[in-house]
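Notes follow the structure.
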Amino acid sequence: MRKIVDEEFISFLVTHRAQIQEAIRKLYFLSHRDEQLTGGTTERVVRGLLVGASFSLWRAVFTASQPLDQPTNIDQSLKFLKNLIETNAVAFQAEQNSWAFGYYINNARFRLRAAYDLLPEDVKERYLSEYQPLMISAHQLLGIDAYKAMHVSFLALVDLLDSHLATVPYVPWSPNVLKTNPTYE
């Protein structure tokens, strides 16, 4: 039996996968520029949070068509745990389910929120229009819409960090960075 091809989702997948990979490339080179030219300690923590969000979004895009209703999510989470117990490994194919999508999209959401909270107030003001999707709970946005909201927010935060780094003095990294940031005490 031949599987029906979902042309709309395939188009979404190819477009958004390319966009997230381009944003990851930008973040990678931004990270090198930060190390050499500019960026205080808070900016480095923000960059680290964005790296984590980029990975989550890169993984989530493949499963964005998954339903996020609670019964499906619970059922698929139990299958995921059973597979983990039986094989002690998680293959990419095992992540093609509702639970994994919810995990990755919410991980991105939490990291983006933490990154946003660390930004200076004047930078946050420039971001509010793009940040709004992060205010929406997971129950209000599902599947592809949830992915798109996090995707747009991530792209905006990478652009904001890029423009912000040009305005802050260079501060060398120190192990005391987390001690000076009340968010991580």
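So the sequence shown is residues 1023 to 1207, counted in my numbering.
For every residue, glycine included, the Cβ atom is placed at its ideal position computed from N, Cα and C.
- Following the DSSP letters along the chain, one finds Asp1097 inside the alpha helix (DSSP H) bounded by residues Gln1092 to Thr1109.
- In chain order, Phe1123, Tyr1126, Ile1127, Ala1130 and Tyr1169 place their CB closer than 7 Å to the CB of Ala1082, counting only its own chain and leaving out the 5 sequence neighbours on each side.
- Where Asn1128 is concerned, the enclosing alpha helix (DSSP H) starts and stops at Ser1120 to Leu1140.
- For Gly1165, the closest alpha carbon among the candidates Trp1121, Thr1063, Ser1185 and Val1112 is that of Trp1121.
- Nearest neighbour of Leu1182 by Cα position, chosen from Asp1144, Gln1162 and Arg1047, turns out to be Asp1144.
- Using a Cβ-Cβ distance cut-off of 8 Å, the segment 1059-1079 and the segment 1132-1141 are in contact, since at least three pairs of beta carbons, one from each stretch, lie closer than that value.
- Annotation for Gln1118: Phe1084, Thr1085 and Gln1088 place their beta carbon closer than 8 Å to its own, counting only its chain and skipping 5 residues before and after.
- For Gln1043, the secondary structure class from DSSP, reduced to helix, strand or coil, is helix.
- For Thr1063, the three-state secondary structure derived from DSSP is helix.
- Looking from the CA of Phe1034, the closest CA among Ala1178, Asp1167 and Leu1052 belongs to Asp1167.
- Pairing Asn1110 with Leu1141, the inter-Cα distance amounts to about 39 Å.
- Around the beta carbon of Leu1103, fewer than 16 other beta carbons lie within 10 angstroms, which makes this residue exposed.
- 8 Å or more divides the Cβ of Ser1078 from the Cβ of Ile1046.
- Here Ser1185 is exposed. Its C-beta has fewer than 16 other C-beta atoms within 10 Å.
- In this structure, Leu1052 lies away from Leu1179, with their beta-carbon atoms at least 8 Å apart.
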